[in-house]
Structures are given as C-alpha cells and as structure tokens.
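Structure first, then comments.
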Amino acid sequence: MDQKWNTIYQHSITPALERLRKVQGVLLGFHSVIDGIKRVRPGEIETILNADLGLKQSVQEKIDAVPIEIFSPADMLAGLLVSIKSGRSYRMVIRNEDTFRWILENFGYDQLKLGGTSGCMANSLAPLDLQKILVYTNPLAQQLLELFSDNNNLHVVTQINGNIQLEHPHQAWQHKGIEAIHWGFEFAQGTTIQLDKITLIAPRASRFYPCWNPVNNKLLLSPLFKKGALRFIDQFSHFIVAGYQLLLPNYPDGTTCIDYILSTLSYLNKLKVAHPPLKLHFECDTIPADEIRCGIRKHVLPQMDSMGLNEVELDYFIKDMRSQKINQLDQENQVEYYLSGLIELANESGLERIHFHNFDY
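Okay, so the sequence shown: first residue is 1 according to my numbering, each after it adds one.
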C-alpha cells in the first residue's frame with residue numbers, strides 16, 4: 001500500500017508543485033484576520049452553563065434551531081455545541097459587541113495565529129516557492145501582519161513617502177491594536193459535553209468559529225490596496241476571492257449585502273480589464289444568511305472561473321437550488337447527494353471547476 005501511495009504521490013503531487021513554481025503570481029483577498037485558538041475543555045463549558053440556569057435553558061432551546069448569526073452568549077454556545085455534536089466546522093459572525101466581550105472574558109484564547117481564508121492561504125502557499133503572493137490585509141496592524149511567515153515572496157500594499165509599493169507584511173504595519181478576532185474553538189474526536197440528560201460526543205475533530213470583525217463587515221476595500229493591486233496587476237495570474245461571509249444581509253443605513261458584493265465585483269472587473277488573462281477563484285465559507293448566498297449564486301459565481309467549498313457549504317447551495325428549507329445542519333447525507341448537488345451547481349453557475357473539500361467520502 002505504501003509503495004502504491006508513493007507512486008501516486010510522485011505522479012501527482014510532485015508535478016503539481018513544479019507547475020505552481022511557474023505561476024506568475026497570486027492575489028489573495030479579502031479576508032485576513034487574527035485567529036484566537038481555544039482548546040475546548042468540557043468542564044469549562046459545563047461550569048459556565050451550570051452557573052447560569054437561564055443561559056443553559058436558552059442554549060438548550062437553540063440547539064434544535066441554531067440562529068444564523070451570534071447576537072448573544074446563548075447563540076454562540078448553541079453553535080459550539082452543534083458543531084461538537086456533528087463534528088463539523090461551522091462559522092458564525094458575532095454581531096453584538098457585548099457578546100464579543102463576554103466570549104473574550106469567559107473563554108479568552110490559548111494562542112493567536114493568522115486566520116481568515118486569505119491569510120491562511122498566504123502562509124500555506126508561501127513555502128511552495130510561488131514567485132509572488134499579494135495578500136489583502138485591513139487594517140495594517142502590527143499584531144496581524146507579524147503573524148505572516150518570513151517568506152520573501154509574501155507582500156502587502158503599502159505607501160512610503162507617497163509612493164505605493166509592495167512590501168513584506170513584517171515591514172508594512174502602520175499602527176498597533178487588535179480590531180478583529182476570529183475564534184477557533186478546537187475540539188478533539190470524542191470530546192464529550194454533558195447538558196443535563198443530553199450527552200454530546202464529537203464524532204471527529206474539528207473547529208467552531210465565532211467571528212468578530214466589524215472593521216470589515218461591509219468589505220469596503222482599502223483604497224490603498226485597490227490602487228496597488230491595479231498598478232501591479234500584470235505581475236499576477238490568479239486571484240483567490242473570499243470574505244463574503246463577513247457581510248450582513250441588511251445594514252442600518254439602508255444598504256444591503258448585494259450593494260457590497262457588486263462593489264467588490266466591480267473592482268475585480270477592473271482588474272480583469274487591465275489584465276485579461278487573470279483567473280478568478282472563489283473560496284466559499286459557511287454563509288447561513290439566505291440573502292448573501294443568493295447574491296453569491298446570482299452575481300459572484302458567474303464571474304468566477306472556479307470555486308472551492310465543503311459539504312456544509314454545498315448543502316446550503318443544494319437546498320437553495322432545490323427550494324428546500326434549511327433545517328438542522330448536523331444531519332448526515334450520502335455521497336450521491338453531494339455529487340448530484342455538485343453537478344447542479346456546476347450547470348447553474350457555469351464554473352469550469354469546483355473543488356469539493358469533504359470528510360469521510
């Protein structure tokens with residue numbers, strides 16, 4: 001078996017790495033953030049729940065109908081418990097600063113790491129010897145930029161003496177402070193939570209992500225990045241797009257997620273006009289809000305060459321395409337269900353390629 005695997009590796013992975021080194025350059029936007037990694041400790045969660053019976057009751061009620069966003073501690077804990085129960089990675093956006101403070105005070109974090117789709121990809125791609133990687137970071141804060149790796153092919157857009165330049169993140173920070181944090185509550189296979197008579201056991205290891213990022217919740221792109229990427233676009237052949245999960249369906253000022261989706265697409269179109277060979281890939285994330293997913297299907301996917309998503313994200317799109325109600329997300333589906341859904345999504349979107357990131361199939 002080992003010999004067979006080594007043969008497959010030599011004929012697939014090695015040539016792929018060689019092709020990567022020939023890639024002209026990769027743009028990554030629009031989602032880099034600090035991740036606060038927190039190891040799930042069952043006793044810690046049970047103590048918090050048992051100390052506040054009102055909170056516990058609210059959590060128990062929400063487990064069967066988890067809200068799509070976090071407005072209260074009960075919303076966050078219900079999302080965490082459903083993630084543990086299903087062994088799946090869920091992401092929920094925190095919309096209330098008091099709840100953000102509550103999570104910070106009651107759980108804190110064990111470690112700070114680079115997070116966000118764009119940030120994680122930057123640090124993952126950098127060691128593969130790509131010629132140039134330009135990653136979107138907003139704000140240009142020291143605590144965020146110092147989490148990028150030391151590889152000299154990593155760049156962000158900065159301005160020095162009035163001149164727009166590409167610099168390594170470590171040399172580009174403009175101020176200090178943590179303005180956004182995405183928690184990653186890590187749990188191991190077999191993690192067990194006792195909720196009165198209910199026992200929740202994680203079937204596999206995964207993470208739950210409650211995200212606080214008000215500075216980017218409209219995806220109003222940094223003017224500096226927009227100017228820099230456009231100026232240097234001929235040095236890049238691929239753009240991996242992400243971050244729409246940060247949006248709200250509707251905003252107090254009367255604008256909607258569609259306004260900001262269209263704004264980012266307008267900018268991407270300018271890049272394509274300036275450099276027609278540019279390939280666009282959309283990397284999906286957990287997006288529970290119907291309006292945002294609808295906007296992605298209608299506006300984003302038709303502009304992309306490819307996309308990547310996991311089984312939770314695909315399940316959302318399948319139910320949307322089939323006009324089915326989205327109920328509990330921890331249900332199990334057969335591989336045939338996902339395969340037929342991928343075909344439907346490919347036919348509807350016109351995407352040339354879909355990468356399916358899945359567990360256990």
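Cβ coordinates follow ideal geometry from the N, Cα and C atoms, glycine included. Here the structure is a predicted model, which is why all the values come from computation and not from measurement.
- Burial state of Arg322 is exposed, judged by a 10 Å Cβ sphere holding fewer than 16 other Cβ atoms.
- Spatial neighbours of Glu352 in its own chain (CB-CB distance under 8 Å, excluding positions within 5 residues in sequence) are listed in chain order as Asp305, Ser306.
- The beta carbon of Lys176 sits closer than 8 Å to the beta carbons of Ala141, Gln142, Gln143 from its chain, once the five residues preceding and following it are set aside; these are given in chain order.
- In this structure, Leu27 lies near Leu134, with their beta-carbon atoms less than 8 Å apart.
- Contact annotation: the region 71–78 touches the region 54–61, with at least three C-beta pairs closer than 8 Å.
- The continuous alpha helix (DSSP H) containing Ser118 extends over residues 117–125.
- In the DSSP assignment, the residues bridged to Val33 are Gly115.
- The Cβ atoms of Asn153 and Ala172 do not sit closer than 8 Å to each other.
- Around the beta carbon of Ala289, 16 or more other beta carbons lie within 10 angstroms, which makes this residue buried.
- The beta carbons of Gly228 and Val157 sit closer together than 8 Å.
- In the DSSP assignment, Trp102 is bridged to no other residue.
- Per DSSP, the continuous beta strand (DSSP E) segment holding Leu200 begins and ends at 198–201.
- Val241 is positioned such that its CB atom lies closer than 8 Å to that of His281.
- Shown here for Leu314: same chain residues with a beta carbon closer than 8 Å to its own, the five before and five after excluded, namely Tyr338, Gly341, Leu342, Leu345, Phe356 in chain order.
- Counting only residues of its own chain and dropping the five nearest sequence neighbours on each side, Leu221 has a CB closer than 7 Å to the CB of Phe30, Thr264, Tyr267.
- The DSSP assignment places complete beta strand (DSSP E) segments of no fewer than 3 residues inside the region 194–275 at 198–201, 206–212, 238–241, in order along the chain.
- Spanning the alpha carbons of Arg293 and Val66 requires a straight line of approximately 18 Å.
- Under the DSSP assignment, Phe317 falls in the alpha helix (DSSP H) whose first and last residues are 311–321.
- About 24 Å separates the beta carbons of Val23 and Leu147, which is beyond the 8 Å limit, so they are not a contact pair.
- Nearest to Pro249 by C-alpha distance, out of Glu291, Asp196, Val33, is Glu291.
- Ile178 is positioned such that its CB atom lies no closer than 8 Å to that of Arg231.
- With at least 16 other beta carbons inside 10 angstroms of its own, Gly116 counts as buried.
- Taking Phe225 as reference, the option from Thr137, Gln174, Leu20 with the minimal CA-CA separation is Thr137.
- Boundaries of the alpha helix (DSSP H) around Leu53: 53–63.
- The alpha-carbon of Tyr260 is positioned some 15 Å away from that of Arg297.
- With contacts defined by Cβ atoms closer than 8 Å, Ile48 and Asn106 form a contacting pair.
- Note that the C-beta distance between Ala51 and Ile63 is not below 8 Å.
- Secondary structure of Tyr337 (DSSP, three-state): helix.
- Between Phe185 and Val40, the gap from beta carbon to beta carbon is short of 8 Å.
- Taking the Cα positions, Ile287 is about 39 Å away from Asp2.
- Beta-bridge annotation (DSSP): Ile70 is paired with Ile94.
- In this structure, the straight-line span from the alpha carbon of Ala274 to that of His182 is close to 34 Å.
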